[in-house]
Amino acid sequence: TQSRSSAASDVYKRQVQGMVDRITLWFVPAVIAAAALTILAWFVLGPDPALSFALVAGVSVLIIACPCAMGLATPTSIMVGTGRAAEMGVLFRKGDALQQLQEVKVVALDKTGTLTMGQPSLTTFTCAPGFTRETVLPLVAAAETQSEHPIARALVAAAGQDLAQASNVEAIPGYGLRAEVDGQAVLVGADRLMQREGIETGALADTGAALAKRGETPLYAALDGQIAAVIAVSDPIKQGTRAAILAFHEQGLKVAMITGDNAETAAVIATDLGIDVVKAECLPAQKVEVLEQLHAEHGAVGFVGDGINDAPALATAGVGIAIGTGTDVAIEAADVVLMSGDLRGVVNALTVSRATMRNIRQNLVWAFGYNVLLIPVAAGVLYPFGGPLLSPALAAGAMALSSVFVLSNALRLRRLQPALTETAPAPGTGLVPNPAG
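Residue numbering for the sequence shown is 9 to 445, as defined by this note's numbering.
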């Protein structure tokens, strides 16, 4: 994974800074050759004192062609751009990410904690015959006390205090967990966990499917190998999610949701939010495969996530964007970190990336064009026609002016405004997004 991410970074580095390096590699010898040719031409063809004219013109060419502006064009824009992004609450952990983000064609999103608040609450607890909520919920909550998943916190909060001590707790990524509580084997997780363990869900499967169609997330609990209950939790959509997705679409981007959640639940949420592509019931490793598939079909992919299970996808994506309110593992695996948990920060990150790359291109066009135009003037091409012959002092001033222009242009990025703010209306609607989603 790290090798793929490193290779992607190298590609983008070659596209921008690498191009500058190649230009300066040939530019410097070309300038030296032009200066030598200028001295020779003035020495042979110039008026007396020919040597003086030749030396003045040759030195002026060397001074005015100094590639300082070319060298400053990229790093200054990146420095100012990343600084302005930080003021907007977007941290680019790698300079390459600023370059890569503008190439993104698909924004892939995790669900829990990214699209939603990550603060689910227990909404339904339906028990199988022979079981009651009073006996099952405390056991399930006790098993979940050692988990950091938001759903686990919802179950623990619903059960209250004085829970039993769980032992032999084993998290099963993408499925759920198992534990022992008061001598009973407890399994809690998605329907695929029950299928994997050979536990029949019976009539509770229909209940779980109905809950999923309402946009709730169904989980199943089993005690000692027997299905005990179906549990539903609901997680409200974040305030900025709708505005962000609409902004992605207005920028011509595809939006995908990649989640380990139930397929029907994911489909309901995706339809409600207007998400283009849905990949549900994905294990952490499968998220990586989905990203590679999206890249092959649409182009560069940016992935936004917040959890431990999202770390492989964050590291594999062209640009990994972590929610700052997420886990440390996710943040370490990402290229970009949003200080808040608001998806509108992704829109702002895209805005900064595109503005910075546009600024870099402007700097390079100016720096290169400036030299192309003024080197002949410094060489004295206009002198026979009554034009000026630049002195080394004037050439130095002109050279400095080029660098000043590049720096001033880069500093314009400090005035860049966020595309969306936390109180901004959804693009094109004139309405503030509904906090309840």
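Ideal placement from N, C-alpha and C gives every residue a C-beta, glycine not left out.
- [ ] Compute every distance between the C-beta of THR225 and the non-hydrogen atoms of the ligand GTP, then say whether any falls below 6 Å.
- [x] Annotation note on the ligand GTP: not contained in the displayed structure, which lists no ligands.
Open item on the list: Among the candidates SER60, VAL263, ARG30 and ALA65, whose CA atom is the shortest distance from the CA of THR46?
Closed with: When each option's Cα is compared against that of THR46, the closest is ALA65.
TODO: Using the Cα positions of ALA404 and LEU53, report the straight-line distance between them to the nearest angstrom.
DONE: Straight through space, the alpha carbons of LEU53 and ALA404 are spaced by roughly 25 Å.
Task: Given TYR391 as reference, the closest of GLY233, PRO55, MET202 and ARG161 once Cα atoms are compared - done: It is PRO55.
Open item on the list: For a test of the three-state rule: what should DSSP assign to LYS262, helix, strand or coil?
Closed with: Residue state, collapsed to three classes: strand.
- [ ] Buried or exposed for CYS290, please, with buried defined as at least 16 other CB atoms from any protein chain shown within 10 angstroms of its CB.
- [x] Buried: at least 16 other Cβ atoms inside 10 Å.
Open item on the list: Suppose the cutoff is 6 Å on Cβ atoms and the five residues either side in sequence are ignored; what does the same chain contact list for ALA387 look like?
Closed with: For ALA387, where only same-chain residues beyond five positions count, the Cβ hits under 6 Å are THR46, ALA65 and VAL69.
Task: GLN2 - DSSP class collapsed to helix/strand/coil - done: The requested residue 2 does not occur in the structure, where the chain is confined to residues 9 to 445.
Open item on the list: Extract the residue ranges of the beta strand (DSSP E) inside the segment 244-296, only unbroken runs of 3 or more that lie entirely within it.
Closed with: Counting whole runs of 3 or more residues, the segment 244-296 contains the beta strand (DSSP E) stretches 262-266 and 285-287.
Open item on the list: Can you tell me which residues form a DSSP beta bridge with LEU185?
Closed with: DSSP lists ALA179 and VAL196 as the beta-bridge partner residues of LEU185.
- [ ] In angstroms with no decimal places, state the Cα-to-Cα distance between ARG200 and GLY260.
- [x] Roughly 36 Å separates the two Cα atoms.
Open item on the list: I need the DSSP call for CYS74, collapsed to helix, strand or coil.
Closed with: In the structure shown, CYS74 sits in coil (DSSP, three-state: anything other than H, G, I, E or B).
TODO: Using the Cα positions of ALA58 and TRP50, report the straight-line distance between them to the nearest angstrom.
DONE: Just so you know, the alpha carbons of ALA58 and TRP50 end up roughly 6 Å apart.
Task: 6 Å Cβ shell around ASP190 - same chain, five flanking residues per side excluded - done: ALA172.
TODO: Could you please give the first and the last residue of the uninterrupted alpha helix (DSSP H) stretch that includes ALA338?
DONE: Where ALA338 is concerned, the enclosing alpha helix (DSSP H) stretches over 336-341.
Task: Rounded distance between the beta-carbons of ILE331 and VAL312, thought under 8 Å - done: Between ILE331 and VAL312 the Cβ distance is about 7 Å, and since that is below 8 Å, they are a contact.
TODO: Just confirm the distance between the C-beta atoms of ALA278 and VAL355, as a whole number of angstroms; I'd bet it's less than 8 Å.
DONE: At roughly 19 Å, the Cβ-Cβ gap does not stay under 8 Å, so ALA278 and VAL355 are not in contact.
Task: Residue ranges of each alpha helix (DSSP H) within the segment 47-105, 4 or longer - done: If we require 4 residues or more, the alpha helix (DSSP H) runs fully inside the segment 47-105 come out as 58-72 and 76-95.
TODO: Assign LEU227 to one of two classes, buried (16 or more other C-beta atoms within 10 Å of its C-beta) or exposed (fewer than that).
DONE: Counting every other CB atom within 10 Å of its CB across the protein chains shown gives LEU227 a total of 16 or more, marking it as buried.
Task: N- and C-terminal bounds of the beta strand (DSSP E) containing ILE331 - done: Where ILE331 is concerned, the enclosing beta strand (DSSP E) starts and stops at 327-331.
Open item on the list: Using a Cβ-Cβ cutoff of less than 7 Å, which residues in the same chain neighbour GLU208 once the five nearest sequence positions on both sides are dropped?
Closed with: If we look at GLU208 and ignore the five residues flanking it on each side, its Cβ neighbours are ILE235.
TODO: Identify, in the order they occur along the chain, each residue of the same chain with its Cβ nearer than 8 Å to the Cβ of ARG141, setting aside the five sequence neighbours on each side.
DONE: Within the same chain, PHE133, CYS135 and ALA237 come within 8 Å of ARG141 by CB-CB distance, once the 5 residues on both sides are set aside.
TODO: Report the three-state DSSP secondary structure of PHE139 (helix, strand or coil).
DONE: Correct three-state label for PHE139: coil.
Task: Residues of its chain near THR359, where Cβ-Cβ distance is below 8 Å and the 5 sequence neighbours each way are ignored - done: Around THR359, the same chain offers LEU424, PRO426 and ALA427 as residues with beta carbons nearer than 8 Å, after the five sequence neighbours per side are excluded.
TODO: Measure the alpha-carbon distance for ASP243 versus ALA264 and round it to whole angstroms.
DONE: Near 19 Å, if we compare the C-alpha coordinates of ALA264 and ASP243.
- [ ] Return the Cβ separation of PRO75 and VAL114 in integer angstroms, given the expectation that the two are a contact with Cβ distance under 8 Å.
- [x] PRO75 to VAL114, Cβ: 38 Å. No contact.
Open item on the list: Can you tell me where the alpha helix (DSSP H) holding VAL354 begins and where it ends?
Closed with: Counting along the chain, the alpha helix (DSSP H) containing VAL354 begins and ends at 352-387.
Open item on the list: Buried or exposed for PRO384, going by 16 or more other Cβ atoms inside 10 Å?
Closed with: When all chains shown are included, PRO384 counts as exposed.
Task: Inter-residue spacing [alpha-carbon to alpha-carbon] between GLU156 and VAL286 - done: When rounded, the distance between both Cα atoms is 25 Å.
Open item on the list: If you reduce the DSSP assignment to three classes, tell me which class ALA172 lands in.
Closed with: Three-state DSSP puts ALA172 in coil, outside helix and strand.
Open item on the list: Please classify SER85 as buried or exposed, where buried requires at least 16 neighbouring CB atoms within 10 angstroms.
Closed with: So SER85 counts as buried.
Task: Integer Cβ distance of GLY353 from GLY121, believed to fall under 8 Å - done: In fact, because the Cβ distance is near 14 Å, the residues do not count as touching under 8 Å.
- [ ] Measure the C-alpha to C-alpha separation of ARG250 and LEU281 and round it to an integer number of angstroms.
- [x] Roughly 6 Å separates the two Cα atoms.
Task: Short Cβ contact (7 Å threshold) for LEU421 with GLY89 - done: Cβ distance < 7 Å, so LEU421 and GLY89 count as in contact.
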